[in-house]
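Some notes on the structure that comes next.
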Amino acid sequence: MQKKTGRIRKSPQQRKQTLLGYLFVSPWVIGFLIFGLYPIIMSFYYSLCQYDVLRIPQFIGFGNYKELLQNDPYFWKSIWNTLYYTVIRTPLVILGSLLLAVLVNNTVKGIRFFRTIFFIPSIITGVVLSALWLWLLNPQYGLFNSILAVFGIHGPLWLQSPNWSKLSIVLMSLWSIGGGRMLVFLAALQGIPTALYEVVDIDGGGWWAKFRHVTVPMVSPVIFLWTILDVIFSFQVFTEAYVMTKGGPLNSTLFYNLYLYYKAFDDFSMGYASALAWLLLVMILVITLIQFLVGKKFVYYEGK
Amino acid sequence: MKKATGQIIKTSFVIIMVIAAGVILFYPWSRASDDSRRTISFWSCSGQKEDVPFIVTAFNAAQDSIRIVSIAIPWQEQEKKVLTAILSDNPPDAVSQFIPVVKWASRMALMPLDKFIERDQYDTTVFFPALWQEMKWQGHIFGIPVSSASFAFYYNKKLFRRAGLDPERPPQTWAEVVEYNKKLTRYDKAGNIIQIGFFPLYKSSLVASQNSPSTALIIAWEKGASFLSKDGKTVTLLNPPLVEATQWILDFLKPYPINKIEAFAAGFGYGDQQAFAAEKVAMMILPDIFPDYLKQHAPNVEYGIALTPTMPGCPIASSTGSWWIAIPRGSKNPEAAWEFIKFAASKKVQLDARDAMEQNLFPSNRQATADPRFLKDGTMQIFVAHLEHAQSPTIVPMAHDVFWREFYTAQEQIIYGAQSIEKALGTAQSIIQHELDKTLTYDEYVRSKMNFFGE
Chain F
1 MQKKTGRIRK SPQQRKQTLL GYLFVSPWVI GFLIFGLYPI IMSFYYSLCQ
51 YDVLRIPQFI GFGNYKELLQ NDPYFWKSIW NTLYYTVIRT PLVILGSLLL
101 AVLVNNTVKG IRFFRTIFFI PSIITGVVLS ALWLWLLNPQ YGLFNSILAV
151 FGIHGPLWLQ SPNWSKLSIV LMSLWSIGGG RMLVFLAALQ GIPTALYEVV
201 DIDGGGWWAK FRHVTVPMVS PVIFLWTILD VIFSFQVFTE AYVMTKGGPL
251 NSTLFYNLYL YYKAFDDFSM GYASALAWLL LVMILVITLI QFLVGKKFVY
301 YEGK
Chain E
1001 MKKATGQIIK TSFVIIMVIA AGVILFYPWS RASDDSRRTI SFWSCSGQKE
1051 DVPFIVTAFN AAQDSIRIVS IAIPWQEQEK KVLTAILSDN PPDAVSQFIP
1101 VVKWASRMAL MPLDKFIERD QYDTTVFFPA LWQEMKWQGH IFGIPVSSAS
1151 FAFYYNKKLF RRAGLDPERP PQTWAEVVEY NKKLTRYDKA GNIIQIGFFP
1201 LYKSSLVASQ NSPSTALIIA WEKGASFLSK DGKTVTLLNP PLVEATQWIL
1251 DFLKPYPINK IEAFAAGFGY GDQQAFAAEK VAMMILPDIF PDYLKQHAPN
1301 VEYGIALTPT MPGCPIASST GSWWIAIPRG SKNPEAAWEF IKFAASKKVQ
1351 LDARDAMEQN LFPSNRQATA DPRFLKDGTM QIFVAHLEHA QSPTIVPMAH
1401 DVFWREFYTA QEQIIYGAQS IEKALGTAQS IIQHELDKTL TYDEYVRSKM
1451 NFFGE
């Protein structure tokens, strides 16, 4: 150590260590540069072009963006559909997962069995799930309408109705509330000191007071985390609509990513699709920033 | 510390060497070298029962100078994989596909075949006109059709008898379809439709699972509709034949509330849930492979095959689809690939292929379909007649996918009663036209920069 220069000189051995460190992270770094950063930069360039992958790109400036914002009815339609889905789905899945986590945070005998049972549905992949729900939601033979019929209710057309199709897909997404989200909530719940609940008992508070004044504040960082993640996931909804409705009826399930997919892989309008992708990034970024600003007021961090 | 680092490096080195040695030792190096013939590669879509298509096996058996190595690619992946291969300058020597040739040709992914056709004086009149029409773009030929699909009017004899109709007399006009339909439609106690005489296909999600052409399009074609101007620059969707055809469907569906129709149609599925196989729809336009499909999924359905009904004074119309083979841009063995294409499209091979395979594709070669070997079953004549009158579903080649998305969106808007016929078709027309204009402008730009045809 030479205090005079203010710099820490590394011994040859330390330098070797550093080099070795870089060597070990290099597969990831190289992979990221080639398969991550380069495509990201190129996609921005292509978003300024008319481009169909096979032929040379034609630079058209902000033409794609201009057309999207000013002259594309499907752009606004797909944003509306996606927002509708996001706004309804996000609180429902978070609340559902939290309640389920509270439920399985019990010490009843065989609770592990129940946790497993609740988790199982979430391991089914999107396409299979969609094929299954197509039949559950079938207006004439489906489980939902059969049960409703028992109570004398004439069930809706679900996926075949422009008014119900988005709600049907929200309903379907509740299928996986017992998945990873529930597990994270469960871990957070188990980190809450029991002393806090005992305090509520001493003060004479019931289960609601415990939930409202202990559980929710204590897991609020996790709720915040999932709000951000679920908004991002909801914005990327694709498989359900692609498999079950193809965006119909009357484009009521034409979600943003589905439209992007049609543009990119049916029409080969890669430039246009790249512009769509960049606008999606901007939208998600803005919404996430707003969430962080608003979140500060509601989230309780224990360490602080 | 130093020692530990050295050890890590040594251990990694040894592991890598062992893996490399294993690869060198066990890689099947010798596989390709037992044949002295020139090897060319062919990428086909799987979907046939065999991994190696019949035409490839037959070609390899008949040839002593060229050998084909074929790779079957799942059809959903085909487009992406072949495009990637062409872009990276390492395409297969020949490729088979069924999506519009123009979609690939216009992107300069395929090699023009004109010089081969001229040199060999290859007879292109043997192919059905609708199929041949699809191979052209900008005055050049980009593929050769090897097989196709034809459609016909299927009807359920058992349901006909039950409704008191003569099972040997299918409807001949669309007016008769309306009449028959009244007798063939049945409801349950709650008033739900459980069986319908004829179901006009008006949305793409239905078509995907039912494998039928759009009813409005068939009727519009009968009435002589034409959707694209001769120069390929102007789209007219809002034209009298299509308006009338759509109106016919609206009138046909008038007795049924849309929610009943949609609830009923939601029960259509794949396999034995297919509308005709499940005996939910008594009359339907279906492809020529459908008898095989029924044999597999619903062997008890008793059906007849007839000519598609017509509008008064109009000829029959039908749709088709072609499987073609082409030579990708950058192919290293175009000559050998051309030999293979000629072989695959020849009469004898098409007939042999049909006999050899379980799921039959329809020959593209008229000499093959005129052969007694092919016509052994009387119904085949009906499919041949349809194919003679068929038009290509590639209606606006340069905006193909947008055309079909908009076409079905418009039909759906009309049937749901959300928009008038004029409004829906007009909107669709302007969106397709806009896309077409964009593609044509881009095309012009590209052609000013890239000299592809060697002109």
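So the sequences go chain by chain: F and E. First residue of the first sequence: 1, per my numbering; consecutive thereafter. First residue of the second sequence: 1001, per my numbering; consecutive thereafter. For glycine and all other residues, C-beta sits at the position ideal for the given N, C-alpha and C. As the structure is a prediction and not an experimental result, all values here were calculated from the model.
| said: Buried or exposed, going by whether 16 or more other CB atoms sit within 10 Å of the CB of W1404 of chain E? | reply: It counts as buried.
| Chain-ordered residues of the stretch 56-73 of chain F with a beta carbon less than 7 Å from chain E | The residues in question are I56, Q58.
| From the DSSP output, which residues share a beta bridge with Q1411 of chain E? | Residue pairing for Q1411 of chain E: DSSP places it in no beta bridge.
| query | Any beta-carbon of chain F closer than 9 Å to the one on T1441 of chain E? | reply | Closer than 9 Å to some Cβ of chain F, the Cβ of T1441 of chain E qualifies, so yes.
| said: At the 9 Å Cβ level, is L262 of chain F part of the contact set with chain E, yes or no? | reply: Contrary to the premise, residue 262 of chain F reads as Tyr rather than Leu in this sequence. Cβ-Cβ to chain E under 9 Å: yes for Y262 of chain F.
| Where K1049 of chain E and R1162 of chain E are concerned, what is the direct C-alpha to C-alpha distance, given to the nearest angstrom? | For K1049 of chain E, the predicted model reports a pLDDT of 48, less than 50, meaning its position is unreliable and no value from the coordinates is stated.
| query | Whose Cβ in chain E lies nearer than 8 Å to the Cβ of P249 of chain F? | reply | In chain order: K1203, E1262, E1412, Y1416.
| Going by other Cβ atoms of all chains shown within 10 Å of its Cβ, with 16 needed for buried, is W207 of chain F buried or exposed? | Classification of W207 of chain F: exposed, given that the 10 Å Cβ count is below 16.
| query | Once you ignore the five residues that flank Y1155 of chain E on each side, which residues in its own chain have a CB closer than 7 Å to its CB? | reply | P1170, A1282, M1283, Y1303, G1304, A1306, listed in sequence order.
| query | Which chain B residues are close to Q236 of chain F, counting only those with a beta carbon under 7 Å from its beta carbon? | reply | Looking at the structure shown, chain B is missing, and the protein chains on hand are F and E.
| field | Range of the contiguous alpha helix (DSSP H) that encloses S1036 of chain E | value | Bounds of any alpha helix (DSSP H) do not take in S1036 of chain E, whose DSSP letter is neither H nor E.
| C-beta neighbour in chain E for N138 of chain F, strict 9 Å | Put simply, the CB of N138 of chain F is near chain E, with a gap under 9 Å to one of its CB atoms.
| said: For D1188 of chain E and S161 of chain F, what's the separation of their Cα atoms in angstroms? | reply: Distance from the CA of D1188 of chain E to the CA of S161 of chain F, rounded to the nearest whole angstrom, comes to 22 Å.
| query | For the beta strand (DSSP E) that N1156 of chain E lies in, which residues bound it at each end? | reply | For N1156 of chain E, the enclosing beta strand (DSSP E) begins and ends at 1151-1156.
| alpha helix (DSSP H) segments (min. 4 residues) lying fully within the stretch 1171-1231 of chain E | Counting whole runs of 4 or more residues, the stretch 1171-1231 of chain E contains the alpha helix (DSSP H) stretches 1174-1184, 1204-1210, 1215-1222.
| query | DSSP puts P1328 of chain E in a beta bridge; with which residues? | reply | Partner residues in the beta bridge of P1328 of chain E, as assigned by DSSP, are E:L1110.
| request: Name the one or two DSSP bridge partners that F1127 of chain E has. | output: DSSP output for F1127 of chain E lists E:N1365 as bridge partner(s).
| query | Relative to chain F, which residues along the stretch 1105-1119 of chain E have a C-beta separation below 8 Å, given in chain order? | reply | Among the residues of the stretch 1105-1119 of chain E, those with a Cβ less than 8 Å away from any Cβ of chain F are R1107, M1108, A1109, in the order of the chain.
| Since I1086 of chain E meets chain F, which of its residues come closer than 9 Å, beta carbon to beta carbon? | Residues of chain F whose Cβ lies closer than 9 Å to the Cβ of I1086 of chain E are, in chain order, L54.
| request: Closer than 7 Å by beta-carbon distance: list the chain F residues that pair up with Y1027 of chain E, in chain order. | output: Result: empty, since nearest Cβ-Cβ is about 23 Å, beyond 7 Å.
| message | Would you say T1246 of chain E lies against chain F (beta-carbon separation less than 9 Å)? | response | It does not; no Cβ of chain F falls within 9 Å.
| field | Cβ shell of P221 of chain F (< 8 Å), same chain only, five flanking positions each side left out | value | Cβ contact annotation for P221 of chain F (same chain, cutoff 8 Å, sequence separation greater than five): A188, V299, Y300, Y301, in chain order.
| query | What does R1405 of chain E reach in chain F if we use C-beta pairs closer than 8 Å? | reply | Simply Y262, D266.
| query | Any chance the CB of K1376 of chain E is under 8 Å from a heavy atom of the ligand HEM? | reply | The model on display carries no ligand, and the ligand HEM is accordingly not part of it.
| query | Are the beta-carbon atoms of Y197 of chain F and I79 of chain F separated by less than 9 Å? | reply | No, the Cβ-Cβ distance between Y197 of chain F and I79 of chain F is not below 9 Å.
| query | Are the C-beta of P39 of chain F and some C-beta of chain E separated by less than 9 Å? | reply | False, the Cβ-Cβ gap to chain E never drops below 9 Å.
| Assuming M270 of chain F contacts D72 of chain F under a Cβ cut-off of 8 Å, what Cβ separation, rounded to an integer in Å, is found between them? | Contact doesn't hold; Cβ gap of about 16 Å is too wide.
| query | What residues in the stretch 16-34 of chain F bring their beta carbon closer than 8 Å to a beta carbon of chain E? | reply | Under the 8 Å Cβ criterion, the stretch 16-34 of chain F contributes K16, Q17, L20.
| Three-way DSSP call (helix, strand, coil) for A1345 of chain E in this model | Three-state DSSP puts A1345 of chain E in a helix.
| task | Using a threshold of 9 Å, state whether the C-beta atoms of T1075 of chain E and F1098 of chain E are closer than that. | result | It should be noted that the sequence gives Trp, not Thr, for residue 1075 of chain E. For W1075 of chain E and F1098 of chain E, yes; Cβs fall inside 9 Å.
| Using a beta-carbon distance below 9 Å, is L258 of chain F in contact with chain E? | Answer no: the Cβ-Cβ gap between L258 of chain F and chain E never drops below 9 Å.
| Can you check whether the CB of A1094 of chain E is closer than 9 Å to the CB of W1043 of chain E? | Yes. Within cutoff.
| field | Own chain, CB closer than 7 Å to T245 of chain F, minus 5 neighbours either side, in chain order | value | Only residues of its own chain outside the window of five on either side were considered, and among them L159, S165, T253 have a CB closer than 7 Å to the CB of T245 of chain F, listed in chain order.
| field | P1287 of chain E, enclosing beta strand (DSSP E) - first and last residue | value | Annotation for P1287 of chain E: the continuous beta strand (DSSP E) segment containing it runs 1281-1287.
| query | How far does the beta strand (DSSP E) with Y1303 of chain E in it reach, from first residue to last? | reply | Counted as a single uninterrupted DSSP element, the beta strand (DSSP E) harbouring Y1303 of chain E occupies residues 1303-1306.
| field | Beta-carbon proximity of T1320 of chain E to A1149 of chain E, cut-off 9 Å | value | The Cβ atoms of T1320 of chain E and A1149 of chain E lie closer than 9 Å to each other.
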